Amino acid sequence: MNKKNSILKEKIEENSVLFVACYMGRLILQNGGETYRTEETIRRTCEHYGIKANSFATLNTIITSIDSFDGKRYSKVDRIDSRTLNLDKVDRLNHIARNLDEYKISEVKEKIMEIEAENKMDFKKKVLGNVLVGSAFAILFRGGIRDSIVALISTFVLACTDELIKDLKLNNFFVNFIGGVIAAIISLTFFKFNFIEDISISIISALMLLVPGISFTNSIRDIIAGDFVSGISRGVEAVTTGIALASGSGMILSIFL
Numbered sequence: 084m085n086k087k088n089s090i091l092k093e094k095i096e097e098n099s100v101l102f103v104a105c106y107m108g109r110l111i112l113q114n115g116g117e118t119y120r121t122e123e124t125i126r127r128t129c130e131h132y133g134i135k136a137n138s139f140a141t142l143n144t145i146i147t148s149i150d151s152f153d154g155k156r157y158s159k160v161d162r163i164d165s166r167t168l169n170l171d172k173v174d175r176l177n178h179i180a181r182n183l184d185e186y187k188i189s190e191v192k193e194k195i196m197e198i199e200a201e202n203k204m205d206f207k208k209k210v211l212g213n214v215l216v217g218s219a220f221a222i223l224f225r226g227g228i229r230d231s232i233v234a235l236i237s238t239f240v241l242a243c244t245d246e247l248i249k250d251l252k253l254n255n256f257f258v259n260f261i262g263g264v265i266a267a268i269i270s271l272t273f274f275k276f277n278f279i280e281d282i283s284i285s286i287i288s289a290l291m292l293l294v295p296g297i298s299f300t301n302s303i304r305d306i307i308a309g310d311f312v313s314g315i316s317r318g319v320e321a322v323t324t325g326i327a328l329a330s331g332s333g334m335i336l337s338i339f340l
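Each step along the sequence shown adds one to the number in our numbering, with nothing skipped, and position 177 is 260.
Shown next as structure tokens:
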């Protein structure tokens, strides 16, 4: 009876480690982390508790298997339905994975749940960052004060629109298409009233906030590292986002300009 209880306890502990490792890896991938970091975190977590693990991650799936102490193998598959960008969460999860000696397995789980439950960036800070970056890009692209003002207005509207539609869980292509439409409409309106002379500067400045720079960078990094599946997937995602932005703004300009 004691032996049976010991085996049962051992299985529960192994499953707990598998759950925590996959939980941490899933959050890293959901918040913009690289696939190699996701796989490394899962392996690192399992190996810390003496469990051999293998993990394979793509942009929307994580497959993990572990070899238990009694010779059996357990597997877990996680589906990633949506992804966002929050590198602060990625950094904190990575810190936990590299300092597992400081926590019990139950404490690790609690900290991961706390990180997941945290709200996104404060809306006011997000708007402030958007308008500052958007207006700065207008100056960078050799625009004037008026171009900067139009870019500021466009980025403000884009930030508000993103906040309004985030709960609808729309397809990323459609969201970026809407962003292109909004940026083009606002710039075109000011252009028609002769407030700005070059319509392209304010449009590009506003859309720079939606350009998938991190996705493209991670794509190159994954390809160089030999993760061709994830690298090509991220590259296609970046190209698709660019097509959506160009389609939205191009449609408005071709109709009304």
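Even for Gly, the Cβ is constructed at its ideal location relative to N, Cα and C.
Note that the structure is a prediction, hence the values are computed from the model and not measured.
Worksheet entry | Euclidean distance between Cα positions of Phe-274 and Ile-282 | 6 Å
Item to complete: Starting from Asp-310, trace the alpha helix (DSSP H) both ways and give me its first and last residue.
Response: Here Asp-310 belongs to no alpha helix (DSSP H), and DSSP marks it neither H nor E.
Worksheet item: So what's Val-294 in DSSP terms, helix, strand or just coil?
Response: coil
Worksheet item: What separation, rounded to the nearest whole angstrom, lies between the Cα atoms of Glu-130 and Val-294?
Response: 38 Å
Worksheet item: Can you find at least 3 beta carbon pairs, one from the segment 156-169 and one from the segment 99-119, that sit closer than 8 Å?
Response: yes
Discussion item. The beta strand (DSSP E) that contains Phe-139, what's its start and end?
Written reply: 135-140
Discussion item. DSSP three-state label for Ser-330, please.
Written reply: helix
Worksheet entry | Supposed contact pair Ile-284 and Phe-206 - C-beta distance, whole angstroms, cut 8 Å | About 27 Å separates the two Cβ atoms, so there is no contact after all.
Worksheet item: Tell me the DSSP bridge mates of Arg-162?
Response: Thr-144
Worksheet entry | Whole-angstrom distance between Phe-339 and Leu-247, CA atom to CA atom | 26 Å
Fill in: Closest by C-alpha distance to Ile-315, when choosing among Ser-298, Leu-328, Ser-330, Ile-326
Ser-298
Worksheet item: Per DSSP, which one or two residues make a beta bridge with Arg-156?
Response: Asp-150
Discussion item. Under 8 Å: do the segment 252-267 and the segment 322-332 share three or more Cβ pairs, one atom per stretch?
Written reply: yes
Worksheet item: If you compare alpha carbons, which of Phe-311, Ile-335, Gly-296, Asp-310 is closest to Thr-323?
Response: Gly-296
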